[in-house]
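See below for the structure under consideration.
Numbering (my numbering), first residue to last: 10 to 177.
Here's what the structure looks like:
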């Protein structure tokens, strides 16, 4: 009995040492900080938004990446639009059925440093649901809030796409 406990402890200790050795060879890169977040190519200039959804996406990207006033900073341009299915409420509308809104956003980054680098574009979409009530004002506020949630999700997806492209 004592031999089996000793062997069991030895095998467990050996397994832990092997696992520690294997994990020490791994490296992790944080998405929210580290060398990639401080990379100079992330000094970006942003175009002006033309609608509320674009404004939300620009704000989210500026919050994560910062912004530059330099004339040679790459220019980020966003186009975003929202759509919903069955947003009209009529007498036969099922109010309990959730309504889905979708935001489609395209980010284009253009070099302005005089290089011949081609523009890069990323398109992402995100959806959000809301439930209607019998009140027009409540329906409008719920639809607007769902569009904003979808825009924030699209902004996060665009941010990750841009980080992935810049890390290559």
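Note that CB positions come from ideal geometry on N, CA and C, so glycine has one too.
Keep in mind it's a predicted model, so treat the numbers as computed, not measured.
If you draw a straight line from the C-alpha of residue i to the C-alpha of residue j, how long is it?
| i | j | result |
| --- | --- | --- |
| residue 90 | residue 136 | 12 Å |
| residue 47 | residue 14 | Note that residue 47 has pLDDT 48, beneath the 50 cutoff, so the model's placement of it is unreliable and the number below is only indicative. Their backbone Cα atoms lie some 52 Å apart in a straight line. |
| residue 127 | residue 120 | 8 Å |
| residue 158 | residue 138 | 9 Å |
| residue 76 | residue 52 | 6 Å |
| residue 108 | residue 168 | 27 Å |
| residue 65 | residue 22 | 52 Å |
| residue 67 | residue 19 | 57 Å |
| residue 148 | residue 105 | 12 Å |
| residue 29 | residue 174 | 32 Å |
Would residue i pass as a contact of residue j if the rule is Cβ separation under 8 Å?
| i | j | result |
| --- | --- | --- |
| residue 81 | residue 117 | no |
| residue 155 | residue 110 | yes |
| residue 151 | residue 141 | yes |
| residue 166 | residue 133 | yes |
| residue 171 | residue 112 | no |
With respect to the alpha helix (DSSP H) encompassing residue i, which residues constitute its N-terminal and C-terminal limits?
| i | result |
| --- | --- |
| residue 166 | 145-176 |
| residue 70 | 61-74 |
If I'm right that residue i touches residue j with Cβ under 8 Å, what's the distance once you round it to whole angstroms?
| i | j | result |
| --- | --- | --- |
| residue 83 | residue 54 | 7 Å |
Quick check on the DSSP output: the beta strand (DSSP E) that includes residue i runs from which residue to which?
| i | result |
| --- | --- |
| residue 56 | Per DSSP, residue 56 belongs to no beta strand (DSSP E) and is neither H nor E. |
| residue 119 | 108-119 |
| residue 132 | 129-139 |
Among all the DSSP beta bridges, which residues are the ones paired with residue i?
| i | result |
| --- | --- |
| residue 84 | 54, 119 |
| residue 179 | What is shown of the chain runs 10 to 177, which leaves residue 179 out entirely. |
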